[in-house]
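In terms of the working numbering, the sequence shown is residues 1 to 191.
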Amino acid sequence: MSEKFFSLIARLRYIDRWSLMRNTRRENVAEHSYITSLVAHALCVIENEFYGGKLNADRAAVIALYHESAEVFTGDLPTPVKYYDDGIRNAYKKLESKAESKLVSFLPDELKGAYENLVSSPAEPESDYVKYADKIAALIKCNEELAAGNNEFKAAKESTLNTLKSYNVQSVNYFLDNFVDSFGLSLDDTL
1 MSEKFFSLIA RLRYIDRWSL MRNTRRENVA EHSYITSLVA HALCVIENEF YGGKLNADRA
61 AVIALYHESA EVFTGDLPTP VKYYDDGIRN AYKKLESKAE SKLVSFLPDE LKGAYENLVS
121 SPAEPESDYV KYADKIAALI KCNEELAAGN NEFKAAKEST LNTLKSYNVQ SVNYFLDNFV
181 DSFGLSLDDT L
């Protein structure tokens, strides 16, 4: 029997994010995971180099690659729905946990241990930086949509930015101050 774990993960490219909002350009979960991985790695490097952290940036990048993998079964539930109340939040967490277990079941037994911890948000300091990176990736998307004239993302940007500032994490603030705005530049302005 062919193992299906990686082919299922690859299907994240077919799952759109921001499904309840009008988008000028669709973003899929695979794209989002890639940007989150880049940012998580950068946040850990910044934390280590500037603020004395002892984080494993490579580990954070890999956790970020898999951080939305359950969505291959659940789809992307919009944040306002997912966090509407405790009942929905708890039901979604149970569904997500079952989806993660199902996904890992598509691996040979010898590999399950290595991937279980990636698809289910391991309790490691690097996972916090993946969470921060996930929010920064959402902010980048909001900025891109606003730059394209789509005011549908105005409230999402404000909420996301407020959440990021509430973390009060130096590396997050550094990334926001030094890198986020460059994502909205044209190619000519970037070069």
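Cβ coordinates follow ideal geometry from the N, Cα and C atoms, glycine included.
Is it buried or exposed, residue 43, if we count other Cβ atoms within 10 angstroms and call 16 or more buried?
Classification for residue 43: buried.
Spatial neighbours of residue 1 within its chain, please: C-beta separation below 6 Å, excluding the five flanking residues on both sides.
Note that residue 1 scores a pLDDT of 45, beneath 50, so its modelled location is shaky; the value from the coordinates is reported in the next line. Hits under 6 Å: none found.
What residues in its chain sit with their C-beta under 8 Å from that of residue 77, if we drop five residues either side in the sequence?
Closer than 8 Å at the Cβ level, and outside the excluded window around residue 77, lie 92.
Check whether the region 29 to 49 and the region 131 to 150 touch, using three or more Cβ-Cβ pairs below 8 Å as the test.
Judged by Cβ distances under 8 Å, the region 29 to 49 makes contact with the region 131 to 150, as three or more pairs qualify.
Should residue 127 and residue 103 be called a contact, given that it needs their Cβ atoms to be closer than 8 Å?
Contact flag unset, no.
Give a yes or no on whether the C-beta atoms belonging to residue 118 and residue 62 are separated by under 8 Å.
Their beta carbons are under 8 Å apart, which means residue 118 touches residue 62 by this criterion.
What do you reckon, are the CB atoms on residue 106 and residue 12 nearer than 8 Å?
No. Outside cutoff.
Bridge partners of residue 199, per DSSP?
Residue 199 is absent from the model: the chain starts at 1 and stops at 191.
From what residue to what residue does the alpha helix (DSSP H) around residue 109 run?
Here the alpha helix (DSSP H) through residue 109 covers 109 to 119.
Can you tell me whether residue 37 is buried or exposed, with buried defined as 16 or more other CB within 10 angstroms of its CB?
Per the 10 Å Cβ criterion, buried.
What are the uninterrupted segments assigned as beta strand (DSSP E) that are 3 or more residues long and contained completely in the region 37 to 82, given in chain order?
The qualifying runs do not exist here; there are none.
Please give the ranges of any alpha helix (DSSP H) in the region 114 to 174, keeping only runs that are unbroken, at least 4 residues long and fully inside the region.
As far as the region 114 to 174 is concerned, its whole alpha helix (DSSP H) runs of at least 4 residues are 125 to 147, 154 to 167.
So, helix, strand or coil for residue 1, using DSSP?
With a pLDDT of only 45 at residue 1, under the threshold of 50, the placement of this residue in the model should not be trusted; the figure read from the coordinates follows. Three-state DSSP puts residue 1 in coil, outside helix and strand.
On the criterion of 16 or more Cβ atoms from any shown chain inside 10 Å, does residue 6 qualify as buried, or is it exposed?
Residue 6 is exposed by the Cβ-count criterion.
Assuming residue 89 is part of the alpha helix (DSSP H), what are its boundary residues?
Where residue 89 is concerned, the enclosing alpha helix (DSSP H) stretches over 86 to 104.
State the start and end residues of the unbroken alpha helix (DSSP H) segment that holds residue 187.
Here the alpha helix (DSSP H) through residue 187 covers 187 to 190.
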